[in-house]
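**Q**
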Amino acid sequence: MSEIADLQQKIVSLSKRRGYVFPGSEIYGGLSNTYDFGPLGVLLLRNIKNSWWDFFVTRRANIQGLDTSILMSPKVWEASGHTSSFTDVLIDCRNCKNRTRADHLIEAYFEAKGEKKIVEGLPPEELSKIIEDNKIPCPKCGVHDWTKPRKFNLLFETNVGIVTDSQATVYLRGEIAQGMFVNFRNV
Numbered sequence: 329m330s331e332i333a334d335l336q337q338k339i340v341s342l343s344k345r346r347g348y349v350f351p352g353s354e355i356y357g358g359l360s361n362t363y364d365f366g367p368l369g370v371l372l373l374r375n376i377k378n379s380w381w382d383f384f385v386t387r388r389a390n391i392q393g394l395d396t397s398i399l400m401s402p403k404v405w406e407a408s409g410h411t412s413s414f415t416d417v418l419i420d421c422r423n424c425k426n427r428t429r430a431d432h433l434i435e436a437y438f439e440a441k442g443e444k445k446i447v448e449g450l451p452p453e454e455l456s457k458i459i460e461d462n463k464i465p466c467p468k469c470g471v472h473d474w475t476k477p478r479k480f481n482l483l484f485e486t487n488v489g490i491v492t493d494s495q496a497t498v499y500l501r502g503e504i505a506q507g508m509f510v511n512f513r514n515v
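If you read the sequence shown in our numbering, its first letter stands for residue 329, the second for the next number, and so on.
1. At the level of alpha carbons, what is the spacing between GLY449 and GLU331?
2. Round the Cβ separation of LEU482 and GLY507 to the nearest angstrom and send it over; I've been treating them as touching at under 8 Å.
3. Look at the alpha carbon of PHE492 and the alpha carbon of THR415, and state the distance between them as a whole number of angstroms.
4. Cα-Cα, which of GLU485, LEU394 and LYS479 is closest to ASN514?
5. May I have the straight-line CA-CA distance separating ARG387 from ILE398, to the nearest angstrom?
6. Based on DSSP bridge pairs, tell me the residues matched to ILE419.
7. With a 10 Å radius around its C-beta and 16 neighbouring C-beta atoms as the bar for buried, classify PRO367 as buried or exposed.
8. Is the separation between the beta-carbon of ASP473 and that of ASN423 shorter than 9 Å?
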């Protein structure tokens, strides 16, 4: 185990023993990358939030507080262009199952060769052609065996109510500032 991984494990272990954080859903095997705040963690989090709020909001005359819903109407995201363009083009290595953004893969490959190539925003077909023409290997396993690049919408879709249909569809707030824009006239 590396020195950094060992230190990280010690910090996680101490945080759990002292009641700061617990792995999410731990009694059912856990859920990756989720944590619940314990008794001391809740107090620490509240103190950090209060200090931040005091410094950045309370002490400034030109700032107003606003706490908006994390669920928003699809109309909000359609109007802002998020439903059509808030996507990343992802690609999977068939050999090691590593998933990565196709544009980041290409840019990192050319950067390692001392070249600069900006491909963000290109359609999946063009990204695929660049990857194939250059036989870009997976950075994890070194094998060139990729799936076709495909778009992944970054908005988290869910439903409100007991019926799952298009009228019940809402999105989790994909951009924290969006609530500010929606409520601007109210503030």
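We put the CB at the ideal spot given by N, CA and C, even for glycine.
**A** Let's see:
1. Using only the alpha carbons, I get a separation of about 38 Å.
2. Cβ-Cβ separation between LEU482 and GLY507: approximately 17 Å, too far for a contact (criterion under 8 Å).
3. Phe is not the amino acid found at residue 492; the sequence shown has Thr there. When rounded, the distance between both Cα atoms is 23 Å.
4. If we check each option's Cα against that of ASN514, LEU394 comes out closest.
5. Using only the alpha carbons, I get a separation of about 26 Å.
6. In the DSSP secondary-structure assignment, ILE419 is bridged to THR428.
7. By the neighbour-count criterion, in which a residue is buried when 16 or more other Cβ atoms sit within 10 angstroms of its Cβ, PRO367 is exposed.
8. In this structure, ASN423 lies closer than 9 Å to ASP473 by Cβ.
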